[in-house]
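Student: Residue numbering for the sequence shown follows numbering that gives the first Met the number 0, starting at 0 and increasing by one per position. Cβ atoms here follow ideal geometry from the backbone N, Cα and C, with glycine treated the same way.
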Amino acid sequence: MIPFDFEYYRPESVEEAVRLYQELETAGKAPVWYGGGSELISMARVGNRRFGAVIDIKSIPECRTLGFDGERLNLGAALTLDELSASHKFPLLGQTAARIADHTIQRRITLGGNLASTIIYREAVLPLLLSDAELTTAGPGGLKKYAIRDIFRERLQLPKGELLVSAAVAREFIEAPYFHIKKTKNEKIDYPLITTDALIAGGNLRIAFSGLAAYPLRDVAAESILNDQRLSLEERAEHAAQFLSGVYLDDMNGSSSYRRFVLKNTVVNILESIKDAEMPCIR
Ligand SMILES: Cc1cc2nc3c(=O)[nH]c(=O)nc-3n(C[C@H](O)[C@H](O)[C@H](O)COP(=O)(O)OP(=O)(O)OC[C@H]3O[C@@H](n4cnc5c(N)ncnc54)[C@H](O)[C@@H]3O)c2cc1C
Numbered sequence: 000m001i002p003f004d005f006e007y008y009r010p011e012s013v014e015e016a017v018r019l020y021q022e023l024e025t026a027g028k029a030p031v032w033y034g035g036g037s038e039l040i041s042m043a044r045v046g047n048r049r050f051g052a053v054i055d056i057k058s059i060p061e062c063r064t065l066g067f068d069g070e071r072l073n074l075g076a077a078l079t080l081d082e083l084s085a086s087h088k089f090p091l092l093g094q095t096a097a098r099i100a101d102h103t104i105q106r107r108i109t110l111g112g113n114l115a116s117t118i119i120y121r122e123a124v125l126p127l128l129l130s131d132a133e134l135t136t137a138g139p140g141g142l143k144k145y146a147i148r149d150i151f152r153e154r155l156q157l158p159k160g161e162l163l164v165s166a167a168v169a170r171e172f173i174e175a176p177y178f179h180i181k182k183t184k185n186e187k188i189d190y191p192l193i194t195t196d197a198l199i200a201g202g203n204l205r206i207a208f209s210g211l212a213a214y215p216l217r218d219v220a221a222e223s224i225l226n227d228q229r230l231s232l233e234e235r236a237e238h239a240a241q242f243l244s245g246v247y248l249d250d251m252n253g254s255s256s257y258r259r260f261v262l263k264n265t266v267v268n269i270l271e272s273i274k275d276a277e278m279p280c281i282r
């Protein structure tokens, strides 16, 4: 049971949602955006979060968009993980989404909710980081577009009252060869020990991790090491693992040295697969 009362709103346009947020904020209702509600409700139940109003974004068309506009795929923030994987529109995002929680919860968790989550993993952001996604937000100043690297730095850094509306990804990244490897401590369905997403763009390997550090991580300097053709595959993996040694998480899922070990093996496997497939970036 939730130990407090709150109001529920379901606006049908971005403008209505932003106006509602401002009115509720002015009235002292401490409103929150509501995607699938799974995190908000579970935190409210245990007394970790309080709000006077929720603004459910699932009836806003722009937040539900799923399709190509020319060479760009638009993904609404209120799409569920299940819808993302079932659509097969962005295979790397679909596979990543299909390994978050179980199938019942995937019908509830939204793309925006995962990106804005307080939980450190936020796995759905990995394909967006790798594909230089553009995020559209809405606030009192209207719609804004951000390169993902400018607004997702360890977590989604939205100004207060701003709503994540959608993400756009260029087709070249959607059609690129990719890898998705989720390692968990015990069960197949669990938070990641390390989730690794990778894709090949412009002849280079791009790679991002969840669970390796206390936030989702894409590090272009580590990528440069992995693409350095003067080094053997083993050396690249070892140097990259060494380069990232300051970030490793150390918790009950795994020690930092175990994460380093898993990282290196995962990276070697990816590099060898690329080599076996005779892709241009690995020789
Ligand atoms: C059983 C279970 C297993 C899980 N396993 C994993 C896992 O393996 N990997 C992983 O990454 N995560 C996992 N999660 C975490 C889950 O992804 C987050 O809790 C996520 O926040 C839930 O999404 P939601 O749409 O229900 O969010 P909500 O509860 O609706 O919202 C969460 C937060 O995001 C904000 N928000 C929502 N939508 C928007 C928006 N469009 N713009 C701005 N802010 C917004 C809300 O205000 C709130 O602060 C798991 C959760 C559960 C319950």
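Buried or exposed, going by whether 16 or more other CB atoms sit within 10 Å of the CB of residue 179?
Tutor: Position 180 of the sequence shown, counted from the first residue, corresponds to residue 179. Buried.
Student: I'd like to confirm something about residue 109: is its beta-carbon nearer than 7 angstroms to some heavy atom of ligand 1, or not?
Tutor: Within the sequence shown, residue 109 is the residue found at index 110, counting from 1. The answer is yes for residue 109.
Student: Could you tell me if residue 69 is buried or exposed, where buried requires 16 or more neighbouring beta carbons within 10 angstroms of its beta carbon?
Tutor: Walking along the sequence shown from the start, residue 69 turns up at place 70. If you draw a 10 Å sphere on the C-beta of residue 69, you find fewer than 16 other C-beta atoms in it, and that means exposed.
Student: Between the Cα of residue 15 and those of 61, 168 and 241, spot the shortest distance and give me the residue it belongs to.
Tutor: The residue you call residue 15 lines up with position 16 of the sequence shown. Residue 15 has its Cα closest to that of 61, out of 61, 168 and 241.
Student: Hey, would you say residue 27 sits closer than 8 angstroms to residue 56, going by beta carbons?
Tutor: Walking along the sequence shown from the start, residue 27 turns up at place 28. Walking along the sequence shown from the start, residue 56 turns up at place 57. Contact flag unset, no.
Student: Do residue 246 and residue 225 have their beta-carbon atoms positioned less than 8 angstroms apart in this structure?
Tutor: Locating residue 225 in the sequence shown gives position 226, where the first residue counts as 1. Locating residue 246 in the sequence shown gives position 247, where the first residue counts as 1. Contact flag unset, no.
Student: Can you list the beta strand (DSSP E) stretches of 3 or more residues lying completely in the segment 171-226, in chain order?
Tutor: 177-182, 193-200 and 203-209
Student: Looking at the strands, I want to know which residues DSSP matches up with residue 165.
Tutor: Here residue 165 refers to the residue found at position 166 when the sequence shown is read from its first residue. Residue 165 pairs with 75 and 135.
Student: Quick one: any contact between the segment 93-113 and the segment 132-150, if contact means 3 or more CB pairs under 8 angstroms?
Tutor: Contact between the segment 93-113 and the segment 132-150 is absent, with fewer than three C-beta pairs closer than 8 angstroms.
Student: Relative to the C-alpha of residue 265, which residue among 211, 86 and 254 is closest?
Tutor: For the purposes of this step, residue 265 is taken as the residue at position 266 of the sequence shown. Checking every option, the nearest Cα to that of residue 265 belongs to 211.
Student: Taking 8 angstroms as the threshold (C-beta atoms), are residue 213 and residue 242 in contact?
Tutor: For this step, residue 242 is matched to residue 243 along the sequence shown. For this step, residue 213 is matched to residue 214 along the sequence shown. No, the pair does not count as a contact, with Cβ atoms beyond the cut-off.
Student: May I ask whether a heavy atom of ligand 1 can be found less than 7 angstroms away from the beta carbon of residue 100?
Tutor: Position 101 of the sequence shown, counting from 1, holds the residue named residue 100. Checking the Cβ of residue 100 against ligand 1 gives yes.
Student: Considering Cα atoms alone, identify which of 162, 67, 100 and 181 is closest to residue 86.
Tutor: The residue labelled residue 86 in the question sits at position 87 within the sequence shown. Cα-wise, what sits closest to residue 86 is 67.
Student: Quick check: the Cα distance between residue 42 and residue 238, rounded to an integer number of angstroms?
Tutor: Stepping through the sequence shown from its first residue, residue 42 is reached at position 43. Stepping through the sequence shown from its first residue, residue 238 is reached at position 239. Their Cα atoms are separated by approximately 40 angstroms.
Student: Looking only at its own chain, which residues have a Cβ that is under 7 angstroms from the Cβ of residue 119, when we skip the five neighbours before and after it?
Tutor: Numbered from 1 along the sequence shown, position 120 holds the residue referred to as residue 119. The answer, listed in chain order, is 213 and 214.
Student: Which same chain residues, not among the five before or five after residue 132, have their C-beta less than 7 angstroms away from its C-beta?
Tutor: Sequence index remark: in the sequence shown, residue 132 carries index 133 (1-based). These residues qualify, in order along the chain: 147, 166, 167 and 168.
Student: Could you check which residue in 46, 30, 21 and 17 has the C-alpha nearest to that of residue 288?
Tutor: Limits of the chain in this structure are 0 at one end and 282 at the other, which puts residue 288 out of reach.
Student: If I measure Cβ to Cβ from residue 97 and keep anything under 6 angstroms in the same chain, skipping five residues before and after, which residues do I get?
Tutor: Indexing the sequence shown from 1 puts residue 97 at position 98. 84.
Student: Which residue spans inside the segment 23-79 form an unbroken alpha helix (DSSP H) run of at least 4?
Tutor: Qualifying alpha helix (DSSP H) stretches, in chain order: 37-44.
Student: Just tell me which of 181, 6 and 115 has its CA closest to the CA of residue 153.
Tutor: Within the sequence shown, numbered from 1, the residue matching residue 153 stands at position 154. Answer by Cα proximity: 115.
Student: Is residue 157 near ligand 1, in the sense that its beta carbon is under 7 angstroms from a heavy atom of that ligand?
Tutor: Along the sequence shown, read from residue 1 onward, the residue named residue 157 stands at position 158. Residue 157 Cβ: within cutoff of ligand 1.
Student: Quick one: what's got a C-beta closer than 8 angstroms to residue 49's C-beta in the same chain, skipping five residues either side?
Tutor: Here residue 49 is taken as the residue at index 50 of the sequence shown, counted from 1. If we look at residue 49 and ignore the five residues flanking it on each side, its Cβ neighbours are 3, 29 and 43.
Student: For a test of your reading of the model: does the CB of residue 31 fall under 7 angstroms from any non-hydrogen atom of ligand 1? Yes or no.
Tutor: Indexing the sequence shown from 1 puts residue 31 at position 32. Residue 31 Cβ: within cutoff of ligand 1.
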